[in-house]
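Sequential numbering from 0 applies to the sequence shown in the working numbering.
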Amino acid sequence: MKSFQRGWEENMGRDANLLMGPEHVGMHGHMGGPNDTEAETRERILLAAASLFAGKGYAATSVREIAESARVTKPTLYYYFKNKEDLYVQLLDHANSTFCQLVGSALSVPGGVRDRLLAFYSTVYGLFVEHLDVVRLIYSMFYGPPGAAPDYDFQRTNDHLEGLMHQVLQEGVDAGELREDNLEEASFMLLGMLDSLSCLLVAQPQRPALNVQDLGRLVDLVFDGACAVLRSKEGDR
């Protein structure tokens, strides 16, 4: 796994940009200017909206504030989005499509189950760190008061993620890496770990981000358990 980790660290940023394509490049912090393309201007508006929606809430955020934060005029904003609700929905559509594209590519890398899962966690965790405002916004939708923002259906994304995870684990069974009798439990634990990582970022944003070695140890812990470590410590006494 060490050789994979080195290669992944070297290529992660480059590959993520390639996977996202030119329409997603603005999501990586480009501040824009007079020579912006339409795609870059649209991305800048989405970034500004994500930050304001996450910080103030949907209802308390005005179109004027979004336009000012994105450094565009209101007519420019309305050129790309019909209204605030349309902007909100397109922001979540954009986040979902980027997430699903990167997850599918990460889980398709060559290697065994552990290597593919490490690619998955490295990619998704990096995406969460880079776009924490979007993560906070999604958490506010789930845990905020009903009706505070337009409804949005995440079920398709959840089903897609669960299907990909089950496929990877089943391929691990077929390759003799995993037992077939605990696939559901393994999938539950692995997806739960993803929820824990995102929750930790939202609750403790000042905490140092995990690196690829940290994520690799978490994957190993799911596969190997903690008992061997505990027995080793007891044997050293």
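All C-beta atoms, glycine included, are put in the ideal place defined by N, C-alpha and C.
Predicted model, so just to flag it, every value in this text is computed and none were measured.
- Residue environment: glycine 191 is assigned as exposed (fewer than 16 neighbouring CB atoms within 10 Å of its CB, all protein chains considered).
- Per the Cβ contact rule, the segment 71-78 is not in contact with the segment 50-58 (fewer than 3 Cβ pairs under 8 Å).
- A distance of 8 Å or more separates the beta carbons of leucine 168 and leucine 160.
- Shown here, histidine 165 sits in a helix according to DSSP, grouped into three states.
- Aspartate 114 sits in a helix when the DSSP states are folded into three classes.
- Cβ contact annotation for glycine 171 (same chain, cutoff 8 Å, sequence separation greater than five): Gly111, Val112, Leu177, in chain order.
- By the Cβ rule, the segment 206-219 counts as touching the segment 111-126, because three or more pairs are nearer than 8 Å.
- By the criterion of a C-beta distance shorter than 6 Å, asparagine 95 is surrounded in its chain by Thr156, once the five residues flanking it on both sides are discounted.
- Ranked by Cα distance from glutamate 42, the first of Tyr124, Phe80, Ala202 is Phe80.
- In this structure, the beta-carbon distance from proline 149 to glutamate 84 falls below 8 Å.
- Contact between phenylalanine 127 and serine 197 holds, with the beta-carbon distance rounding to 5 Å and staying under 8 Å.
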